[in-house]
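Going by our numbering, the first residue of the sequence shown is number 311, and it counts up by one from there. Yeah, the Cβ is synthetic: ideal placement off N, Cα and C, and Gly gets one too. The next block holds one structure in the form of structure tokens; read it before the comments.
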Amino acid sequence: MQLIDTHNHLDCPDFAGDRQAVLRRSRERGVIRQVLLGVFRENWEDVWALAEREPDLYAALGLHPIYLARHRPEHLAALREWLERLAGQHKLCAVGEIGLDYYLEDLDRDGQQAVFEDQLRAAIDFELPVLLHVRRSHAAVIATLKRYRPARQGIVHAFAGSREEAREYLKLGFRLGLGGAPTWPQANRLRKVVPEIPLESIVLETDAPDMAPAMYPGMRNSPEHLPDICVALAELKGIAPEELASASTRNAMELFGWT
Numbered sequence: 311m312q313l314i315d316t317h318n319h320l321d322c323p324d325f326a327g328d329r330q331a332v333l334r335r336s337r338e339r340g341v342i343r344q345v346l347l348g349v350f351r352e353n354w355e356d357v358w359a360l361a362e363r364e365p366d367l368y369a370a371l372g373l374h375p376i377y378l379a380r381h382r383p384e385h386l387a388a389l390r391e392w393l394e395r396l397a398g399q400h401k402l403c404a405v406g407e408i409g410l411d412y413y414l415e416d417l418d419r420d421g422q423q424a425v426f427e428d429q430l431r432a433a434i435d436f437e438l439p440v441l442l443h444v445r446r447s448h449a450a451v452i453a454t455l456k457r458y459r460p461a462r463q464g465i466v467h468a469f470a471g472s473r474e475e476a477r478e479y480l481k482l483g484f485r486l487g488l489g490g491a492p493t494w495p496q497a498n499r500l501r502k503v504v505p506e507i508p509l510e511s512i513v514l515e516t517d518a519p520d521m522a523p524a525m526y527p528g529m530r531n532s533p534e535h536l537p538d539i540c541v542a543l544a545e546l547k548g549i550a551p552e553e554l555a556s557a558s559t560r561n562a563m564e565l566f567g568w569t
């Protein structure tokens, strides 16, 4: 199987001691490309440096909603500067991780919305897909996407919504990112939704070091776990792992404009 991890945070300190070993094991297991996500202004350099150094790593840059208190107006201006400077470079593949988080109740929703929309406009202006963080905020995110209608669309990372919310994203042309969450038996609603998601709308991800799948409970998640996630999700869908791997890889290549 050849797989693409469309969402992880390999730049995190969790991987400082064995990052090269993780990359080696991931490649040996068939993970042919990985997308690293920027989450606040201070980590863009690390994400970009890693992507430039490793042939199979790619970068997305953005301001994550849970770090709202760290974001400043000048960081939004800096994002546009980075996107302009890196325009046309194949290692820059998206704007992300951006979106709305309503799970954390102390996060100002109006502030999140303003930062989200500013980044969505930047993605549209630079013709890049968006990688979306959506936690208990599907209605607001869907309404925003309907207003802006980004032509390159993107991925709803770690999708955990209802079948109705899935349909709304699919109508807008978005792919749904699936990772470790549906592998857990207690994820009852999600495990009912996953079989209904069309293959042409699925991309696979790990969100490493977070969201470890059920077969690695309590452990650091890693891109090397993507094949196991693929096998578990294929079983949930009632198809062969190779079929899911092929579809998800094809979908990611198409979304990011890779050949």
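The continuous beta strand (DSSP E) containing residue 347 extends over residues 341–347. In the DSSP secondary-structure assignment, residue 318 is bridged to 346.
No Cβ-Cβ contact shorter than 8 Å links residue 518 with residue 493. Within the region 387–443, the runs of alpha helix (DSSP H) that reach at least 4 residues and sit entirely inside it are, in chain order, 419–435.
Within the same chain, and ignoring the five residues on either side of residue 360 in sequence, the residues whose Cβ sits closer than 7 Å to its Cβ are 320, 321, 346 and 367. Residues 534 of the same chain have their beta carbon placed closer than 6 Å to that of residue 335, with the five preceding and five following residues left out of the count.
Going by beta carbons, residue 449 and residue 403 fall outside the 8 Å limit.
Residue 467 is bridged by DSSP to 443.
DSSP places residue 512 within a strand segment (E or B) once states are collapsed to three. At least 8 Å separates the beta-carbon of residue 315 from that of residue 559. Residue 362 sits exposed, since fewer than 16 C-beta atoms from the chains shown fall within 10 Å of its C-beta. DSSP lists no bridge partner for residue 479.
Within the same chain, 402 come within 6 Å of residue 396 by CB-CB distance, once the 5 residues on both sides are set aside. For residue 368, the enclosing beta strand (DSSP E) stretches over residues 367–371. Excluding its 5 nearest sequence neighbours in each direction, residue 429 has C-beta neighbours in its own chain below 8 Å: 372, 373, 386, 389, 405, 408 and 440, listed in chain order.
Around residue 526, the same chain offers 535 as residues with beta carbons nearer than 7 Å, after the five sequence neighbours per side are excluded. Membership of residue 459 in any alpha helix (DSSP H) is not indicated, and neither H nor E is assigned to it by DSSP. The C-beta distance from residue 455 to residue 482 rounds to 5 Å, short enough to meet the 8 Å contact threshold. Assignment of beta-bridge partners to residue 488 by DSSP yields 514. With fewer than 16 other beta carbons inside 10 angstroms of its own, residue 496 counts as exposed. The beta-carbon distance between residue 375 and residue 410, rounded to whole angstroms, is 6 Å. This is short enough to meet the 8 Å contact definition.
Within the region 503–567, the alpha helix (DSSP H) runs of at least 4 residues that lie entirely inside it are, in chain order, 536–547 and 551–566. DSSP links residue 313 through a beta bridge to 341. Straight across, the Cα-Cα distance linking residue 444 with residue 424 is about 15 Å. If you draw a straight line from the Cα of residue 432 to the Cα of residue 508, it comes to about 29 Å. Out of 510, 569, 357 and 550, the CA that lies nearest to the CA of residue 465 is found in 510.
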